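Remarks on the structure that follows.
Number of protein chains: 2
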Amino acid sequence: MFTGLSAFPLTPMNEQGIREGEFSGLVERLAKAQVDSIGVLGSTGSYAYLSREERARVTQLAVDSAGDVPVIIGIGALRTRDVLALAEDAQKAGASGVLLAPVSYQKLTDDEVFSHYEAVCCSLSVPLCVYDNPGTTHFEFSDELHGRIAQLPQVRSIKIPPVSTDLNAARERVKRLRALVPEDVTLGISGDVVAATGLIAGCDSWYSVLGGLFPEKALAITRAAQAGDNQTAQRLSSELEPLWVLYREYGGSLRVIATMAEILGNVSSPNLLLPLKTLQGDVRKRVEQVIEQLKLV
Amino acid sequence: MFTGLSAFPLTPMNEQGIREGEFSGLVERLAKAQVDSIGVLGSTGSYAYLSREERARVTQLAVDSAGDVPVIIGIGALRTRDVLALAEDAQKAGASGVLLAPVSYQKLTDDEVFSHYEAVCCSLSVPLCVYDNPGTTHFEFSDELHGRIAQLPQVRSIKIPPVSTDLNAARERVKRLRALVPEDVTLGISGDVVAATGLIAGCDSWYSVLGGLFPEKALAITRAAQAGDNQTAQRLSSELEPLWVLYREYGGSLRVIATMAEILGNVSSPNLLLPLKTLQGDVRKRVEQVIEQLKLV
Numbered sequence: 001m002f003t004g005l006s007a008f009p010l011t012p013m014n015e016q017g018i019r020e021g022e023f024s025g026l027v028e029r030l031a032k033a034q035v036d037s038i039g040v041l042g043s044t045g046s047y048a049y050l051s052r053e054e055r056a057r058v059t060q061l062a063v064d065s066a067g068d069v070p071v072i073i074g075i076g077a078l079r080t081r082d083v084l085a086l087a088e089d090a091q092k093a094g095a096s097g098v099l100l101a102p103v104s105y106q107k108l109t110d111d112e113v114f115s116h117y118e119a120v121c122c123s124l125s126v127p128l129c130v131y132d133n134p135g136t137t138h139f140e141f142s143d144e145l146h147g148r149i150a151q152l153p154q155v156r157s158i159k160i161p162p163v164s165t166d167l168n169a170a171r172e173r174v175k176r177l178r179a180l181v182p183e184d185v186t187l188g189i190s191g192d193v194v195a196a197t198g199l200i201a202g203c204d205s206w207y208s209v210l211g212g213l214f215p216e217k218a219l220a221i222t223r224a225a226q227a228g229d230n231q232t233a234q235r236l237s238s239e240l241e242p243l244w245v246l247y248r249e250y251g252g253s254l255r256v257i258a259t260m261a262e263i264l265g266n267v268s269s270p271n272l273l274l275p276l277k278t279l280q281g282d283v284r285k286r287v288e289q290v291i292e293q294l295k296l297v
Numbered sequence: 298m299f300t301g302l303s304a305f306p307l308t309p310m311n312e313q314g315i316r317e318g319e320f321s322g323l324v325e326r327l328a329k330a331q332v333d334s335i336g337v338l339g340s341t342g343s344y345a346y347l348s349r350e351e352r353a354r355v356t357q358l359a360v361d362s363a364g365d366v367p368v369i370i371g372i373g374a375l376r377t378r379d380v381l382a383l384a385e386d387a388q389k390a391g392a393s394g395v396l397l398a399p400v401s402y403q404k405l406t407d408d409e410v411f412s413h414y415e416a417v418c419c420s421l422s423v424p425l426c427v428y429d430n431p432g433t434t435h436f437e438f439s440d441e442l443h444g445r446i447a448q449l450p451q452v453r454s455i456k457i458p459p460v461s462t463d464l465n466a467a468r469e470r471v472k473r474l475r476a477l478v479p480e481d482v483t484l485g486i487s488g489d490v491v492a493a494t495g496l497i498a499g500c501d502s503w504y505s506v507l508g509g510l511f512p513e514k515a516l517a518i519t520r521a522a523q524a525g526d527n528q529t530a531q532r533l534s535s536e537l538e539p540l541w542v543l544y545r546e547y548g549g550s551l552r553v554i555a556t557m558a559e560i561l562g563n564v565s566s567p568n569l570l571l572p573l574k575t576l577q578g579d580v581r582k583r584v585e586q587v588i589e590q591l592k593l594v
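From first to last, the protein sequence lines stand for chains A and B.
Just so we're aligned, residue 1 is where the first sequence starts under our numbering, counting upward by one.
Just so we're aligned, residue 298 is where the second sequence starts under our numbering, counting upward by one.
In structure tokens:
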């Protein structure tokens, strides 16, 4: 389950609630495209902003719409107690796996983070992916801590932050971490911009924002890399450079992809929760141009 | 209300809920010591970790236990919708003011933060203090944005992050911000370690973690600074250097003060919510030594 392309859809919402039909539609598209797994309620799916009830509902909709494709559910929360409840909800609804980030308000210590994962793993019956995303959690995993957590029962993957664009540096990074974790724990790249590099450098999977809205584009890169055709993987990724420029200029992938989904009509506007907003004005026009230029549909 | 010493108590909790008697006891001590205001559900009061219901209950207990001392309630949350609900709860319970930090998971833009404060201010009937705490919110206010937000109705104070230990640099900092905000908006220092410097540099108030557990110590520094006796204020702060060393070494004030409250018996152990933990083992022994050395009670 934690190999190949894991596609992370948006959770379209407005202040009144989840747009259920639109969310199910996004998941159905991913199932039809035959991605390897669907990462529901990741950062792209706004998990941190939703109530327990909203998260349970989104989980149920995803499982009902994903067909045979495994559904992985983000269960991160500030409190260990809440994560345990979310893990139970996810398992009851039929999730195939869970994704857990050490969300923080007060800066966490290594010992606190280890105990947090330990408590959750003890109560889980499905596999877990450790979600290392310092940009949103503000927790920096040491390699040593990754090694310790990866020994816990149920841990089967680590979603790592973007690697270097330099392929040799990326290979070194993956090799260093690989040496510290059990063989049955996969490493997955996040950060669409360096995903091709990450896959070529030895990552087993790509946890992909791009794949949540444009699964064919992300699958083409993934399948090329999996077949050892590194040149094609890199070329396909380079062709998306105008999109990567938007990511870099507008604070990451979420607002860009959420804006594209609105423009293309996959979701209504607004689809992010206040205070978050999609891109407007001249910037939105630039996003429209990139959609045309890259023939994104 | 937003001048002098604002004391921030812990919210003693365990996984089963709020320790109501202990919390009321902390608030009563502050009222008896005659602090100028009580800052409930600040970062020290673990607001980010509590449910809406828990926060409403803590607010009610605080208002009931604070006597004549104004109670300021932290209403920060990731979603604008949730902040509006928390503001309503706080006002209904009898809070004299509210404290709002731009809590984030996805990095926020200036425009999003302004709209967030604007929406909240439009619905408030009590005064608001802008809570600028980049260490926990991961949002960096520009001075220009502070200036804009300070023009909103209901904004009456800004809780600023630690100033420089260099008095001239601190004075420049306060002067620069002061020039951008209306006259009736006070500036309050946070960061106990530099509080004396902040007050001497021109801050109108001290939003104090120390004051939440040791109100007399914090009041002595505040009153000296208010009387223009800068030397005494600085001397009293310098005497607490062993405590400031603990803050620096153990990731800030929260874990140190929460550990001290456990050692002194003001709260039961544990009083923080998992995954957060108070200090244990050899470190706890060091904390005990500092309590003795400084005769903290």
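Ideal Cβ placement from N, Cα and C applies to all residues, glycine included.
Please read all numbers here as calculations on a predicted model, not as lab measurements.
- The residue from B:E513, B:G509, B:L543 and B:L496 with its alpha-carbon nearest to that of D526 of chain B is B:L496.
- Beta bridge pairing from DSSP links N311 of chain B with B:G314.
- Nearest CB-CB separation between H443 of chain B and chain A: not below the 8 Å threshold.
- Cβ proximity to chain A below 9 Å picks out G432, T433, T434 and H435 from the region 429 to 456 of chain B.
- Contact annotation for V360 of chain B against chain A: no contact, minimum CB-CB distance about 24 Å [criterion: below 9 Å].
- Counting C-beta atoms within 10 angstroms of its own C-beta, R176 of chain A has fewer than 16 neighbours from the protein chains shown and is therefore classed as exposed.
- Not flagged as an interface residue toward chain B: A195 of chain A, since no C-beta distance is shorter than 8 Å.
- Pairing I455 of chain B with D481 of chain B gives a Cβ-Cβ distance that is not under 8 Å.
- Just measuring C-alpha positions, the residue of B:L561, B:L338 and B:L573 sitting nearest E589 of chain B is B:L561.
- With contacts defined as CB atoms closer than 8 Å, F23 of chain A and S205 of chain A fail to qualify as a contacting pair.
- Not one beta carbon of chain A lies nearer than 8 Å to the beta carbon of K582 of chain B.
- Residue environment: G42 of chain A is assigned as buried (16 or more neighbouring CB atoms within 10 Å of its CB, all protein chains considered).
- The beta-carbon distance between C121 of chain A and R156 of chain A, rounded to whole angstroms, is 11 Å. This is too long to meet the 8 Å contact definition.
- The beta carbon of R173 of chain A lies closer than 6 Å to those of V163 in the same chain, with the five residues before and after it left out.
- For the pair N266 of chain A and L26 of chain A, the CB atoms are nearer than the 8 Å cut-off.
- A93 of chain A is a Cβ neighbour of V63 of chain A, given a cutoff of 8 Å.
- Note on geometry: alpha-carbon atoms of D82 of chain A and T494 of chain B lie some 40 Å from one another.
- For G211 of chain A, there is no enclosing beta strand (DSSP E); the residue is part of the alpha helix (DSSP H) that begins and ends at L210 to L213.
- Taking each of B:Y414, B:P431, B:G432 and B:T433 in turn and checking the Cα distance to P424 of chain B, the smallest one comes out for B:Y414.
- Looking at the DSSP output, C129 of chain A shares a beta bridge with A:L99 and A:S157.
- When Cβ-Cβ separations below 8 Å define contact, R376 of chain B makes contact with chain A.
- Under DSSP, L302 of chain B takes part in a beta bridge, and its partners are B:W503.
- Within the region 346 to 360 of chain B, those residues whose Cβ lies closer than 7 Å to any Cβ of chain A are, in chain order, Y346.
- Contacts with chain B (Cβ-Cβ distance below 7 Å) from the region 250 to 278 of chain A involve G251, L254, L273, L274, P275, L276 and K277, listed in chain order.
- Beta bridge pairing from DSSP links T483 of chain B with B:S454.
- As the crow flies, the alpha-carbon of D192 of chain A is around 16 Å from that of S37 of chain A.
- In the structure shown, V58 of chain A falls within a helical segment according to DSSP collapsed to helix, strand and coil.
- When the beta-carbon positions are compared, T434 of chain B and S401 of chain B come within less than 8 Å of each other.
- Going by DSSP, I554 of chain B is part of the alpha helix (DSSP H) stretching over S550 to L561.
- Beyond the five residues adjoining it in sequence on each side, E437 of chain B comes within less than 7 Å, by CB distance, of P431 in the same chain, given in chain order.
- I72 of chain A is bridged by DSSP to A:G39 and A:G97.
- For G67 of chain A, the secondary structure class from DSSP, reduced to helix, strand or coil, is coil.
- Nearest CB-CB separation between T308 of chain B and chain A: not below the 8 Å threshold.
- For L246 of chain A, the nearest beta carbon of chain B is not closer than 8 Å to its own beta carbon.
- Scanning B:L510, B:E546, B:V410 and B:A398 for the CA closest to the CA of A328 of chain B turns up B:L510.
- The beta-carbon separation of V506 of chain B and I457 of chain B, rounded to 15 Å, does not stay under the 8 Å limit for a contact.
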